Amino acid sequence: MTTPILEMRDIEKHFGSVVALAGVSVSIQAGEVHCLLGDNGAGKSTFIKTMSGVHRLTKGEMFVNGEPVHFTSPRQALDAGIATVYQDLAMIPLMSVTRNFFMGREPVKGIWPFRFMDMGFCDRVTREEMKRIGIDVRDPGQAVGTLSGGERQCVAISRAVYFGAKVLILDEPTSALGVRQTSMVLKYIDMVRKRGLGVVFITHNVRHAMAVGDRFTVLNRGRTLGTAVRGEISADELQNLMAGGKELADLSAELGGTV
Amino acid sequence: MTDRSSPTELIPDERIRPASVVTRILRRPELGAVLGLVIVTVFFIGIANPVMFELSGIVNFMAPAAQLGILAIGASLLMVGGEFDLSVGSMVAFAGLIFAACVVTFGLPLPVAIVITFACAAAFGFFNGQLVLYTGLPSFIVTLAFLFVLRGLSLVGLKWATGGATQLRGVREAATDTPLDAFFYNIFSGDAFEGLFAWLAAHDWIAKFPNGQPKVTGVPVEIIWFVALAILAAVVLARTRYGNWIFASGGDPNAARNSGVPTRRVKTSLFVVTACCAALVAILTVLDAGSTDARRGFQKEFEAIIAAVIGGCLLTGGYGSVIGAAIGSVIFGMVLIGLTYTSIDQDWYLVFLGGMLLMAVFFNNIIRKRVTGER
Chain F
1 MTTPILEMRD IEKHFGSVVA LAGVSVSIQA GEVHCLLGDN GAGKSTFIKT MSGVHRLTKG
61 EMFVNGEPVH FTSPRQALDA GIATVYQDLA MIPLMSVTRN FFMGREPVKG IWPFRFMDMG
121 FCDRVTREEM KRIGIDVRDP GQAVGTLSGG ERQCVAISRA VYFGAKVLIL DEPTSALGVR
181 QTSMVLKYID MVRKRGLGVV FITHNVRHAM AVGDRFTVLN RGRTLGTAVR GEISADELQN
241 LMAGGKELAD LSAELGGTV
Chain A
1 MTDRSSPTEL IPDERIRPAS VVTRILRRPE LGAVLGLVIV TVFFIGIANP VMFELSGIVN
61 FMAPAAQLGI LAIGASLLMV GGEFDLSVGS MVAFAGLIFA ACVVTFGLPL PVAIVITFAC
121 AAAFGFFNGQ LVLYTGLPSF IVTLAFLFVL RGLSLVGLKW ATGGATQLRG VREAATDTPL
181 DAFFYNIFSG DAFEGLFAWL AAHDWIAKFP NGQPKVTGVP VEIIWFVALA ILAAVVLART
241 RYGNWIFASG GDPNAARNSG VPTRRVKTSL FVVTACCAAL VAILTVLDAG STDARRGFQK
301 EFEAIIAAVI GGCLLTGGYG SVIGAAIGSV IFGMVLIGLT YTSIDQDWYL VFLGGMLLMA
361 VFFNNIIRKR VTGER
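Those sequence lines, one after another, are chains F and A. Our numbering applies: residue 1 is where the first sequence begins, and numbers increase by one. Our numbering applies: residue 1 is where the second sequence begins, and numbers increase by one.
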């Protein structure tokens with residue numbers, strides 16, 4: 001197996017006396033969608049935040065391309081190519097698609113004091129990037145508030161991809177979406193994978209995970225219960241695993257000792 | 001979803017029509033202000049003495065509009081950035097006191113006094129901003145406190161500087177006693193383009209008195225400052241990275257911060273800019289009147305915010321326009337002065353103020369729904 005672009009080994013995270021993560025191990029390869037499943041309170045959000053540099057690890061090791069790393073800020077994780085798209089998407093409804101797309105990273109041209117935002121370039125890039133994922137933004141000047149939930153999610157993802165993400169962490173991107181919009185987002189996740197990025201797809205919807213996932217890791221009560229490869233596990237088994245049901249013992253055998 | 005190789009094709013949505021020129025215009029935040037300006041202009045052309053729209057009349061209503069407009073430019077930038085400053089009116093009085101005290105009481109050269117005035121205003125703006133950001137309290141409340149603090153300080157300071165009076169005179173005499181002072185005096189006071197106006201009058205292009213003097217000797221400098229600042233602020237807001245940061249900080253500070261926008265720095269700088277706008281108005285009006293008093297800038301904070309709202313600024317931040325706020329100020333000036341050209345009692349001005357505010361907020365709400373596609 002090639003070196004994973006991101007590997008988390010035995011991650012523990014304590015908040016005072018609360019153990020939020022008690023030994024989580026996950027590796028993400030380039031060009032795969034790694035689904036991270038877990039019920040509410042399983043530690044998904046905490047784990048995302050340790051990956052993206054918001055939280056520091058209490059224990060455990062983290063490797064990017066095989067090199068050990070210690071992130072102390074989200075900026076460092078971003079510089080290492082780990083981009084996170086949170087549920088709130090970091091999008092401002094009143095601002096135009098273009099202005100949102102380049103928010104915080106506006107390209108400028110000209111000599112000070114005549115340094116202006118390169119709006120022509122921004123509009124062009126936004127329109128092209130949107131077209132690539134099948135959203136026809138007729139007018140990149142329209143406000144993000146006019147886009148549908150699925151389209152907003154796609155804009156947020158394509159923004160991360162455009163700005164050089166190697167690993168994309170998606171925090172429940174389909175949780176608030178309808179059927180058609182979910183399929184739009186899943187389709188786009190598939191495109192991102194084909195471009196060679198590693199995708200961490202966090203969800204508690206097994207069907208959405210099965211639709212695009214290459215590997216599946218279940219989080220339960222702050223622990224990983226093992227990683228299964230596509231085809232080796234059925235939706236029902238994943239569902240049971242998430243719920244931490246009785247079938248755990250049978251599954252652990254089936255997973256071939258990766259627990 | 002099992003067929004992973006299917007290429008993504010464009011999904012045409014027949015329910016969305018391409019944005020036409022009309023929709024683009026309807027999306028402009030200034031739209032309400034422009035409509036208001038047209039209505040007010042038509043109204044006064046209909047009922048006011050035609051002298052109002054002669055050159056002298058226009059200068060008459062543009063001068064107070066410019067003073068308010070400079071404040072409204074700062075207020076609108078700050079509102080787009082998601083904050084309020086209710087202390088600008090008191091800041092005008094306080095900066096006026098600082099300025100007059102520097103010139104008259106301490107006898108400092110005019111440029112030095114100007115620099116000190118701006119520095120003091122900026123320091124208070126900075127302090128306001130830090131207080132809002134570190135306490136997390138609404139800027140409405142924090143700056144409301146400063147509305148009273150600064151007004152009180154102006155009163156106390158004036159009594160101290162004059163030995164008991166609430167008016168400080170003799171600014172003009174003290175501000176023009178050296179050539180250097182006179183040079184700066186002409187930047188902040190009097191008329192501009194006097195030569196041009198004399199030439200225009202000589203060629204009968206504009207109205208003149210029987211002795212050949214033009215009726216309007218030039219453009220009052222506050223109008224020049226107002227127009228220049230409006231253009232500068234509008235360009236900064238619409239076309240620069242900093243402008244994008246202002247929108248982002250006002251729209252959703254959390255999202256902006258997560259995207260790498262230094263929201264604290266942006267908001268602090270906006271408080272400083274607003275305070276400096278107040279200082280500029282103080283310098284312009286104190287030099288114009290030759291004195292300062294404790295009532296200077298009284299209630300101007302509300303007028304500036306109303307002008308900004310008429311100009312399309314949302315009270316929730318993240319949306320608005322500098323040009324709109326400037327137009328809002330012109331509407332104000334027109335009504336305030338325009339009523340004197342009619343037989344209507346001038347005190348209707350206040351009624352108009354309130355009515356205009358209500359209409360503007362109502363209209364902005366519709367615009368916002370249109371922009372965000374909310375239903």
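Even for Gly, the Cβ is constructed at its ideal location relative to N, Cα and C. None of the values given here were measured: they were computed from a predicted structure.
Would you list the one or two residues that DSSP bridges to residue 167 of chain A? A:293
Looking only at its chain, what residues have a beta carbon closer than 6 Å to the beta carbon of residue 251 of chain A, apart from the 5 residues adjacent to it on each side? 318
Cβ-based neighbour list, residue 55 of chain F, same chain, cut-off 7 Å, excluding 5 preceding and 5 following: 13, 46, 49
Segment contact, 8 Å Cβ cut-off, at least three pairs: the stretch 120-137 of chain A with the stretch 319-327 of chain A: no
Looking at the secondary structure, which residues open and close the beta strand (DSSP E) in which residue 18 of chain F lies? 18-28
Any non-hydrogen atom of the ligand SAM closer than 8 Å to residue 303 of chain A Cβ: Inclusion of the ligand SAM in the displayed structure is not the case, the ligand content being empty and no account of it being possible.
On the DSSP letters alone, give me the boundaries of the beta strand (DSSP E) that residue 82 of chain F sits inside. 82-85
Among F:10, F:2, F:18, F:31, nearest to residue 214 of chain F - alpha-carbon criterion: F:31
Residues near residue 101 of chain F by beta carbon distance below 6 Å, same chain, minus five either side: 126, 159
Which whole-angstrom value is the C-beta distance of residue 90 of chain F and residue 258 of chain A, which I expect to be below 8 Å? 4 Å
Exposure label - residue 346 of chain A; buried when at least 16 CB within 10 Å: exposed
Which first and last residues belong to the alpha helix (DSSP H) in which residue 209 of chain A is found? Run containing residue 209 of chain A: none; DSSP gives neither H nor E here.
At least one CB of chain A closer than 9 Å to the CB of residue 129 of chain F: is that the case? no
Per DSSP, residue 14 of chain F forms a beta bridge with which residues? F:19
List the residues that DSSP assigns as beta-bridge partners of residue 223 of chain F. F:220
Buried or exposed, going by whether 16 or more other CB atoms sit within 10 Å of the CB of residue 225 of chain A? buried
Based on the DSSP output, what are the partners of residue 198 of chain F in its beta bridges? F:167
So, helix, strand or coil for residue 7 of chain F, using DSSP? strand
Taking 9 Å as the cut-off, decide whether the C-beta atoms of residue 93 of chain A and residue 275 of chain A are in contact. no
Taking a contact to mean a Cβ-Cβ separation below 9 Å, would you say residue 342 of chain A touches residue 47 of chain A in this structure? yes
For residue 117 of chain F: DSSP bridge partner residues: F:108
Does any residue of chain A bring its CB to less than 9 Å from the CB of residue 92 of chain F? yes
Do you know whose CA, among A:104, A:53, A:371, A:356, lies nearest residue 286 of chain A's CA? A:104
Within the same chain, show all residues whose beta-carbon is closer than 8 Å to that of residue 74 of chain F, passing over the 5 residues directly before and after it, in chain order. 52, 53, 54, 84
Per DSSP, which one or two residues make a beta bridge with residue 96 of chain F? F:143
Our contact map puts residue 239 of chain A next to residue 216 of chain F with C-beta atoms below 8 Å; I'd like the distance itself, whole angstroms only. The pair is not a contact, with the Cβ atoms about 48 Å apart (cut-off 8 Å).
Can at least three beta-carbon pairs, one atom from the stretch 174-189 of chain A and one from the stretch 109-120 of chain A, be found at a separation below 8 Å? yes
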